[in-house]
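These notes concern the structure reproduced below.
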Amino acid sequence: MEPIIRLENVSFSYKINEKTKVSVLKNISFSIFPGEYVAIIGHNGSGKSTLSKHLNGILTPDSGDVWVHGHNTKDVNKKRSIRQAVGTVFQHPDNQIVATIVEEDVAFGLENIGVPREEMKKRVDEALNVVKMSPFRHRPPHHLSGGQKQRVAIAGVLAMKPDCIVFDEATSMLDSFGRKEVLQVMRKMNNMGMTIITVTHHMSEAAEADRIIVIEGGQIVMDGPPREIFKHKLELENLQLEVPSVSQMAEVIHSQFNTFSKDIIQENEFIEEVEKFHKEEVGT
Amino acid sequence: MSSEFEISRSITIGQYVPTGSFIHRLDPRIKLLVFVILVVAIAFNTSYFGNAIGLVLSLYLFWASKIPISYGLSGVKPAIPFIVILAVLQLLFQGQLFSDGRVYVDYGFVLITSESIRLVVVSAVRFIEIIFLSSVLTLSTSTTELTHSIQSLLSPLKKIKFPVHEISLITTIAIRFVPTFAIEMEKMMKAQASRGADFGTGGWWRIVQRTKEMFPIIIPLFNIALSRAEDLILAMESRCYTPGGERSSYSVYKAIAKDYLVLLVGLFFSLLLLFYPFPF
């Protein structure tokens, strides 16, 4: 299968002044395939945000290449089609809404790529429907909650019909309710076939993904399905990362009761396990 | 006490009052155009009678748009000092320029004639009319509609490479961020006040002190504005924004018969005010 995004030996450094450079990404290579749900995790300063900015050509590597659908992100002429293919939802809900009315903000990207008006209306309707923001379409954005604003931002990206959406810590400014709303939308879009890349330091969010890439010091240190990754509790702790709190709890219970599975990474799994365990205990 | 920091509530820009009236449903471009020609006509009319017509017309517009007249009056209130000062200055110093008509007072440099009194009264009334008209316009038209209509009215200027779209985008973004920054400022004032900063305790005449009090707010606000702007640029670029690029437009307005009718009525009044020789 042809990957959507392919990184080949990507290195990148920020210039502080003429002499000093801070190397942020070191020789990173990986591919993202259609339909994947990938979480990129790492502690603050690990380079994960810089990495996410490489995925649609906002930053271009010092050495190595990023290919989106076979187009190199360094190719200025392909910039538009690359950004159309890979949309980004950013961290701060307020700083990515351009218009004074929700539906016009959703249309902003479509206006930029010159979509005809009739088509635009249809796409705005669809996108607002997916994120369940249709009732708010005529509202000014500053009357919305953080989670709602973030859903508007998602709709704005979704309307452009990208092949892949990058969430650059898109839930970190939200309360737990807003985060849940956004995570539901992400899951829903992935089920609809959208490729999702989420950059996060919330492990419960990473557990939702099908694949986790762990970044440390600008390099990939682990890459695999969440269940595999979260087995390496000690290594993760050395990288200042934790396993999801449900996994921690499951492990504590497992140390007391052997029958309680410790292979748990998601909330609903935990609840199921507790119910099963309860039944068995009461049954005997 | 709470009102002291509640800036975001008292912002009046884009104070849209949705009553769904006939005026609200007009094509915003036509509304803006009629507004402009009416203001020009009023600005040039110097007769009592003509301005009485203007005043009645602007009051009628309040009634027609179902907006309480108190909104218009609250717009006039802050302008009263200016109107009064202007009137006094005109009364005392403009007499020499408008020395026609009957002379009432001629004392030193002060010359008050029937013409200079006319000037004073007419400019005060004119001021109020224009405030009323612009209130009706902004209260019955959302900011989005306004920026769109400015853009479409200016669009012929594209031919001479005037950046019409860019200007309208800048205006939209500025309006979009007014409430955001008001909330930000509120937060900062509360944070500073909780650490003992003083806001607005000195009398209003101590302008220097009151200004100095604002520095700890304004400087971080600038800082925040810049970092927000940087984020916004990233977000816009990620959504394929290319300055000067060819774009399509989401909202399109279509003027129908009643809009043209309103335009005609507006034109009629403007021409009447501009050219009809009113008896007084």
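Those protein sequences? They're chains A and B, same order as listed.
Quick note: our numbering has the first sequence finishing at residue 426, numbered continuously throughout.
Quick note: our numbering has the second sequence finishing at residue 519, numbered continuously throughout.
Where is the CB? At the ideal position from N, CA and C, for every residue including glycine.
Since this is a predicted model, take the numbers as computed values, not measurements.
Chain-ordered chain A contacts of residue i [CB-CB under 8 Å]
i: Val-491 of chain B; result: Arg-259
i: Ser-488 of chain B; result: Glu-253, Arg-259
i: Thr-411 of chain B; result: Val-240, Ala-241, Thr-242
Nearest to residue i (by Cα), restricted to the options the options
i: Glu-268 of chain A; options: A:Gly-256, A:Ile-296, A:Pro-283; result: A:Ile-296
i: Ile-412 of chain B; options: B:Val-279, B:Tyr-343, B:Ser-487, B:Ala-468; result: B:Ala-468
i: Ser-379 of chain B; options: B:Arg-486, B:Ser-362, B:Pro-307; result: B:Pro-307
i: Gly-259 of chain B; options: B:Trp-302, B:Thr-285, B:Ser-297, B:Ala-291; result: B:Trp-302
i: Arg-369 of chain A; options: A:Gly-251, A:Ile-146, A:Ile-200, A:Ile-355; result: A:Ile-355
i: Gly-177 of chain A; options: A:Val-208, A:Arg-353, A:Gln-233; result: A:Arg-353
i: Lys-291 of chain A; options: A:Ser-276, A:Lys-263, A:Ile-182, A:Met-391; result: A:Ser-276
i: Leu-331 of chain B; options: B:Leu-350, B:Tyr-343, B:Ser-338; result: B:Leu-350
i: Pro-267 of chain B; options: B:Phe-366, B:Thr-352, B:Thr-382, B:Val-256; result: B:Thr-382
i: Tyr-499 of chain B; options: B:Leu-265, B:Ser-433, B:Gly-483; result: B:Leu-265
i: Pro-282 of chain A; options: A:Val-294, A:Asn-271, A:Val-272, A:Lys-274; result: A:Val-294
i: Ser-297 of chain B; options: B:Glu-485, B:Leu-277, B:Ile-399; result: B:Leu-277
i: Ile-243 of chain A; options: B:Met-453, B:Lys-397, B:Ala-496, B:Ser-490; result: B:Ser-490
i: Leu-381 of chain A; options: A:His-196, A:Pro-367, A:Ile-362, A:Ser-397; result: A:Ile-362
i: Thr-192 of chain A; options: B:Phe-274, B:Phe-519, B:Leu-473, B:Phe-337; result: B:Leu-473
i: Val-93 of chain A; options: A:Glu-311, A:Lys-221, A:Ala-349; result: Look at the range of chain A in this structure, 143 to 426, and you will see that residue 93 of chain A is not part of it.
i: Gly-505 of chain B; options: B:Thr-419, B:Leu-372, B:Gly-483, B:Met-475; result: B:Leu-372
i: Lys-220 of chain A; options: B:Ser-407, B:Cys-479, B:Tyr-255, B:Val-273; result: B:Cys-479
i: Ile-407 of chain A; options: A:Val-231, A:Glu-417, A:Glu-347, A:Gln-398; result: A:Glu-347
i: Arg-486 of chain B; options: A:Val-210, A:Gly-256, A:Thr-162, A:Ser-223; result: A:Gly-256
Neighbourhood of residue i by C-beta distance below 6 Å, restricted to the same chain and skipping five residues each side
i: Asn-151 of chain A; result: Asn-169, Ser-171, Gly-206
i: Asn-332 of chain A; result: Tyr-179, Ile-338
i: Leu-503 of chain B; result: none
Under 9 Å by beta carbon: chain A residues contacting residue i
i: Glu-485 of chain B; result: Gly-256
i: Thr-258 of chain B; result: Going along chain A, no residue has its Cβ under 9 Å from Thr-258 of chain B, so there is no contact; the nearest lies around 15 Å.
i: Ile-414 of chain B; result: Thr-242
i: Asp-470 of chain B; result: Phe-232, Gln-233, His-234, Asp-236, Asn-237, Gln-238
i: Arg-467 of chain B; result: His-234, Asp-236, Asn-237
Neighbourhood of residue i by C-beta distance below 7 Å, restricted to the same chain and skipping five residues each side
i: Gln-333 of chain B; result: Ser-355, Leu-358
i: Val-445 of chain A; result: This structure does not reach residue 445 of chain A, given that chain A is present from 143 up to 426, and the question cannot be answered.
i: Ser-241 of chain B; result: Below a pLDDT of 50, predicted positions are generally treated as unreliable, and Ser-241 of chain B, at 45, falls in that range; no measurement from the model is reported.
i: Ile-364 of chain B; result: The sequence shown places Val at residue 364 of chain B, not Ile. Counting only Cβ-Cβ distances below 7 Å, and skipping sequence neighbours, we find Asn-290, Leu-294.
i: Asp-247 of chain A; result: Ile-239, Val-240, Ala-241, Pro-283, Val-294, Gly-298
i: Val-164 of chain A; result: Ser-155, Tyr-156, Ile-158
i: Ile-463 of chain B; result: Glu-423
i: Met-336 of chain A; result: Ile-307
Buried versus exposed call for residue i [16 or more other C-beta atoms within 10 Å across all chains shown]
i: Leu-166 of chain A; result: Just to set this straight, residue 166 of chain A is Val in the shown sequence, not Leu. Buried, because 16 or more other Cβ atoms sit within 10 Å of the Cβ of Val-166 of chain A.
i: Glu-160 of chain A; result: exposed
i: Val-218 of chain A; result: exposed
i: Lys-270 of chain B; result: buried
i: Glu-203 of chain A; result: At residue 203 of chain A the sequence reads Pro, which differs from the Glu that was named. Burial call: buried.
i: Met-143 of chain A; result: exposed
i: Thr-377 of chain B; result: buried
i: Val-208 of chain A; result: buried
i: Lys-190 of chain A; result: buried
i: Met-334 of chain A; result: exposed
i: Arg-321 of chain A; result: buried
i: Arg-225 of chain A; result: buried
i: Phe-261 of chain B; result: exposed
For residue i, the residue or residues it bridges with in DSSP
i: Gly-366 of chain A; result: A:Ile-354
i: Asn-214 of chain A; result: A:Trp-209
i: Ile-339 of chain A; result: A:Val-180, A:Val-308
i: Ser-313 of chain B; result: Note: Ser-313 of chain B sits in no beta bridge, so no partner.
i: Tyr-489 of chain B; result: Answer is none; Tyr-489 of chain B lacks a bridge partner.
i: Leu-510 of chain B; result: The partner list for Leu-510 of chain B (beta bridge, DSSP) is empty, contrary to what the question assumes.
i: Ile-170 of chain A; result: A:Val-152
i: Gly-229 of chain A; result: A:Ile-307
Residues of its chain near residue i, where Cβ-Cβ distance is below 8 Å and the 5 sequence neighbours each way are ignored
i: Glu-422 of chain A; result: Thr-401
i: Thr-410 of chain B; result: Thr-386, Ile-389
i: Ser-210 of chain B; result: With chain B represented from 240 up to 519, any question about residue 210 of chain B goes unanswered, as that position is not in the structure.
i: Gly-184 of chain A; result: Lys-190, His-343, Val-356, Ile-357, Glu-358, Leu-381, Leu-383
i: Pro-459 of chain B; result: Met-427
i: Asp-365 of chain A; result: Phe-172, Arg-353, Ile-354, Ile-355, Val-356
Closer than 7 Å at the beta carbon, the chain B residues around residue i
i: Gly-298 of chain A; result: Arg-478
i: Ala-249 of chain A; result: Tyr-489
Where residue i meets chain B, residues with beta-carbon distance less than 8 Å
i: Arg-279 of chain A; result: Within 8 Å Cβ-Cβ: nothing; Arg-279 of chain A doesn't reach chain B, min ~12 Å.
i: Arg-225 of chain A; result: Glu-476, Ser-477, Arg-478, Cys-479
i: Ile-200 of chain A; result: Leu-473, Glu-476, Ser-477
Chain C contact for residue i (CB, 8 Å cutoff)
i: Gln-292 of chain A; result: The chain labelled as chain C is not found among the protein chains of the depicted structure, namely A and B.
Partner residues on chain B for residue i, Cβ-Cβ distance less than 9 Å
i: Thr-230 of chain A; result: Leu-473, Ala-474, Ser-477, Arg-478
i: Ile-102 of chain A; result: For chain A, the structure presents residues 143 to 426; residue 102 of chain A sits outside this window and is missing.
Proximal chain A residues relative to residue i, where beta-carbon distance stays under 7 Å
i: Pro-418 of chain B; result: His-284
i: Thr-382 of chain B; result: Thr-242
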